[in-house]
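Just so we're aligned: 161 in the numbering used here is position 143 of the sequence shown, and the numbers increase by one with no gaps anywhere.
Note that CB positions come from ideal geometry on N, CA and C, so glycine has one too.
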Amino acid sequence: MGDFRPRTVWLGHPEKREQRYPKNVINNQKYNFFTFLPGVLFNQFKYFFNLYFLLLSCSQFVEELRLGALYTYWVPLGLVLFITIMREAIEEIRCYLRDKEVNSQVYSRLSTRGTVKVKSSGIQVGDLIIVEKNQRVPADMIFLRTSERNGSCFLRTDQLDGETDWKLRLPVACTQRLPTAADLLQIRSYVYAEEPNIDIHNFIGTFTREDGDPPVNESLSIENTLWASTVVASGTVVGVVIYTGKELRSVMNTSNPRHKVGLFDLEVNCLTKILFGALVVVSLVMVALQHFAGRWYLQIFRFLLLFSHIVPISLRVNLDMGKMVFSWMIKKDSKIPGTVVRASTIPEQLGRISYLLTDKTGTLTQNEMVFRRLHLGTVAYGMDSMDEVQSHVFSAYTQPTHDLPASRAPAATKVRKTISSRVHEAVKAIALVHNVTPVYESNGVTDQAEAEQHYEDTCRVYQASSPDEVSLVQWTESVGLTLVGRDQSSMQLRTPTGQILNFTILQIFPFTYESKRMGIIVRDESTGEITFYMKGADVVMAGIVQYNDWLEEECGNMAREGLRVLVVSKKSLTEEQYQDFE
19 MGDFRPRTVW
29 LGHPEKREQR
39 YPKNVINNQK
49 YNFFTFLPGV
59 LFNQFKYFFN
69 LYFLLLSCSQ
79 FVEELRLGAL
89 YTYWVPLGLV
99 LFITIMREAI
109 EEIRCYLRDK
119 EVNSQVYSRL
129 STRGTVKVKS
139 SGIQVGDLII
149 VEKNQRVPAD
159 MIFLRTSERN
169 GSCFLRTDQL
179 DGETDWKLRL
189 PVACTQRLPT
199 AADLLQIRSY
209 VYAEEPNIDI
219 HNFIGTFTRE
229 DGDPPVNESL
239 SIENTLWAST
249 VVASGTVVGV
259 VIYTGKELRS
269 VMNTSNPRHK
279 VGLFDLEVNC
289 LTKILFGALV
299 VVSLVMVALQ
309 HFAGRWYLQI
319 FRFLLLFSHI
329 VPISLRVNLD
339 MGKMVFSWMI
349 KKDSKIPGTV
359 VRASTIPEQL
369 GRISYLLTDK
379 TGTLTQNEMV
389 FRRLHLGTVA
399 YGMDSMDEVQ
409 SHVFSAYTQP
419 THDLPASRAP
429 AATKVRKTIS
439 SRVHEAVKAI
449 ALVHNVTPVY
459 ESNGVTDQAE
469 AEQHYEDTCR
479 VYQASSPDEV
489 SLVQWTESVG
499 LTLVGRDQSS
509 MQLRTPTGQI
519 LNFTILQIFP
529 FTYESKRMGI
539 IVRDESTGEI
549 TFYMKGADVV
559 MAGIVQYNDW
569 LEEECGNMAR
579 EGLRVLVVSK
589 KSLTEEQYQD
599 FE
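Here you go:
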């Protein structure tokens with residue numbers, strides 16, 4: 019993979035680089051101008067089917083083996099090669115145009131002269147690049163600043179890792195605190211980054227600001243990165259470029275373009291070998307019937323040529339023409355608009371698919387999630403009884419005693435909680451344990467600043483890494499408890515009466531595929547009560563929550579109905595318990 023080394027990248031000073039870095043050019047072509055013709059011919063004649071006809075055609079240059087006019091052999095072969103070369107040429111031109119479109123995308127670069135426009139191919143290591151919402155990230159960068167009020171942004175990474183979940187990214191704290199993006203050029207700071215590698219899920223590096231008093235050092239992880247080929251889903255971000263060109267994570271994870279051959283072609287190639295074997299046997303029999311008289315070895319070749327039409331060259335022409343028609347029909351199919359055929363050599367492979375193996379979560383549901391049922395052990399609420407949940411939540415906030423935390427109640431009076439308070443606690447837990455951020459956008463009547471200030475419902479959009487998270491928060495909004503604000507350290511909920519509840523986020527334990535759960539510790543600002551909320555897969559949570567006799571059975575019942583099951587739990591903490599943990 020070449021000599022890759024760690025690097026020190028000074029912010030906004032590409033001229034300070036200590037080594038030469040590759041140009042930020044994307045190239046997905048199989049051939050170049052000089053290798054195109056030799057490469058196409060080699061890929062054709064490395065298979066026996068085409069090599070067989072080439073040898074037959076070449077044999078006609080030998081006087082003793084000639085059976086007719088040269089064109090009877092060379093014209094069909096030339097037609098096959100012409101069709102193949104033209105098809106490959108068209109695909110290469112399309113690939114070149116796609117690469118050119120990506121390399122020509124224009125971005126804004128921060129410089130001492132202000133903001134200047136630069137093509138993607140002109141971006142260098144050390145450049146400070148501004149990426150707008152819904153714009154592709156042009157190079158691997160460290161996230162320095164965002165325009166979002168909550169100090170974070172979301173990335174769409176489906177073109178990098180195939181996951182439709184959005185990924186949360188955090189800027190370097192030191193640079194996010196700067197008044198403006200232009201101040202990035204006024205500070206003496208650099209990023210130390212590990213050598214380029216193919217691991218898109220991990221990153222090791224440090225950020226250092228030398229002119230601070232004292233100097234600032236921050237560790238960097240995957241949460242601070244913006245990999246190329248991802249798309250910014252929220253806000254405007256500023257990043258410093260650390261890898262370009264062939265050192266990009268996305269490029270290093272891409273195998274070299276290769277000539278693709280379908281199973282059908284390989285089967286035809288195998289049948290050709292079998293038929294050729296039969297030809298040799300028949301030719302030997304014919305010579306044997308003549309008792310191997312005279313120049314019998316020439317006779318064998320002549321018989322091979324006479325019987326050669328057992329393997330018709332028209333089959334090759336029909337195959338290529340058929341594939342071109344298949345490709346054209348796929349592109350023009352009204353039921354799948356926008357489909358692009360990137361490899362016209364293997365469209366018939368789609369017809370061989372008998373089974374489609376898929377996980378049940380995102381692929382089949384298209385990640386359109388709806389909250390269907392809430393089960394609290396002794397009582398359950400379905401789609402038709404959500405109005406009951408709404409009335410319970412409303413009553414919890416209209417009764418004057420709702421503010422009294424459970425931990426403040428006298429220990430002697432262990433009264434069984436009412437259904438209303440249990441429903442309210444469940445809804446509040448679901449409204450708090452997530453990574454959803456409400457974002458306010460101008461709707462033509464109300465501008466963004468005013469919408470944020472008054473928590474306008476019509477301007478609010480929920481952003482999260484997963485559609486599951488959004489569906490849960492939308493459900494709590496529908497029953498009266500609305501998430502109206504969030505940043506990295508606090509969260510605001512609005513009750514049915516319009517009161518704003520403020521919560522300080524003390525800790526977040528993000529979801530991982532290993533732990534299969536996420537948690538959050540919050541402090542209710544009105545009461546000072548600290549609560550640890552956790553949610554996760556039933557198989558994991560069953561061993562974490564207090565034992566009860568209904569959880570496993572009800573989770574099984576819901577799963578059998580085809581529902582995705584999520585277990586939500588809470589634990590009240592004393593100040594001493596939390597400080598001890600921290």
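Check: Are the beta-carbon atoms of residue 137 and residue 121 separated by less than 8 Å?; Outcome: yes
Check: In whole angstroms, give me the CA-to-CA distance for residue 550 and residue 243.; Outcome: 29 Å
Check: With a threshold of 8 Å on Cβ separation, who are the neighbours of residue 224 within its own chain once the five nearest residues in sequence on each side are excluded?; Outcome: 209, 210, 235, 236, 237 and 238
Check: Contact defined as beta carbons within less than 8 Å: I believe residue 362 pairs with residue 342. What is the distance between those atoms, to the nearest angstrom?; Outcome: 6 Å
Check: Once the 5 residues before and after residue 316 are set aside, which same chain residues still bring their CB inside 6 Å of it?; Outcome: 82
Check: What alpha helix (DSSP H) runs, 4 residues minimum, are completely inside the segment 105-150?; Outcome: none
Check: What residue does the alpha helix (DSSP H) around residue 214 start on, and which one ends it?; Outcome: That residue, residue 214, is in no alpha helix (DSSP H); it is neither H nor E in DSSP.
Check: If you follow the beta strand (DSSP E) that residue 28 is in, where does it begin and where does it stop?; Outcome: 25-28
Check: With contact counted as at least three CB pairs below 8 Å, one residue from each stretch, are the segment 140-159 and the segment 258-276 in contact?; Outcome: yes
Check: Which of the three DSSP states, helix, strand or coil, is assigned to residue 437?; Outcome: helix
Check: Under 8 Å, Cβ to Cβ, is there at least one residue of chain C near residue 591?; Outcome: Considering every chain present, this structure includes no chain C. It has just one protein chain.
Check: Could you tell me the distance, in whole angstroms, from the CA atom of residue 178 to the CA atom of residue 264?; Outcome: 15 Å
Check: Tell me which residue opens and which closes the alpha helix (DSSP H) that residue 415 is part of.; Outcome: 404-416
Check: Measure the alpha-carbon distance for residue 30 versus residue 203 and round it to whole angstroms.; Outcome: 6 Å
Check: Rank 360, 74 and 175 by C-alpha distance to the C-alpha of residue 110 and give the top, closest one.; Outcome: 360
Check: Taking the CB atoms as reference points, tell me whether residue 98 and residue 279 lie closer together than 8 Å.; Outcome: no
Check: Residues in the same chain with beta-carbon distance under 7 Å from residue 546, minus the five sequence neighbours each way, listed in chain order, please.; Outcome: none
Check: Report the residue ranges of all alpha helix (DSSP H) runs contained in full by the segment 322-373; include only those spanning at least 4 residues, in chain order.; Outcome: 332-350
Check: Roughly how far, in whole angstroms, is the beta-carbon of residue 450 from the beta-carbon of residue 518, given that I think they are within contact range, below 8 Å?; Outcome: Not quite, the Cβ-Cβ distance comes to about 14 Å (not below 8 Å), so this is no contact.
Check: Could you please give the first and the last residue of the uninterrupted beta strand (DSSP E) stretch that includes residue 236?; Outcome: 234-238
Check: Out of 510, 484 and 520, which has the shortest C-alpha to C-alpha gap to residue 536?; Outcome: 484
Check: Return the chain-ordered list of same chain residues with a C-beta closer than 6 Å to the C-beta of residue 126, the five sequence neighbours on each side being excluded.; Outcome: 133 and 148
Check: For residue 130, which of 569, 205 and 340 has the nearest alpha-carbon?; Outcome: 205
Check: Going by DSSP, what residue range makes up the beta strand (DSSP E) through residue 553?; Outcome: 548-554
Check: State the DSSP-derived secondary structure class of residue 589, mapped to helix, strand or coil.; Outcome: strand
Check: For residue 588, which residues in the same chain have their Cβ closer than 8 Å to its Cβ, ignoring the five residues on either side in sequence?; Outcome: 443, 447, 549, 550, 551 and 552
Check: Pick helix, strand or coil for residue 184, following the three-state DSSP scheme.; Outcome: strand
Check: What does the alpha-carbon distance come out to for the pair residue 215 and residue 63?; Outcome: 36 Å
Check: Name the two residues that bound the continuous beta strand (DSSP E) containing residue 171.; Outcome: 171-174
Check: Which class does residue 317 belong to by DSSP, given the choice of helix, strand or coil?; Outcome: helix
Check: Rounding to the nearest angstrom, what Cα-Cα distance links residue 429 and residue 543 in this structure?; Outcome: At residue 429, the pLDDT of 40 sits below 50, so the modelled position is not reliable; the number obtained from the coordinates is stated separately. Roughly 23 Å between the two C-alpha positions.
Check: Report the rounded CA-to-CA distance for residue 511 versus residue 351, giving the unit in angstroms.; Outcome: 48 Å
Check: Smallest Cα separation from residue 506: which of 524, 289, 327 and 498?; Outcome: 524
Check: Is it right to say residue 114 is buried, meaning 16 or more other beta carbons lie within 10 angstroms of its own, or is it exposed?; Outcome: exposed
Check: I believe residue 559 touches residue 540 by the beta-carbon criterion, under 8 Å. Please report the beta-carbon distance rounded to the nearest angstrom.; Outcome: Rounded, the Cβ-Cβ distance is 19 Å, inconsistent with contact.
Check: With DSSP collapsed to three states, give me the class of residue 242.; Outcome: helix
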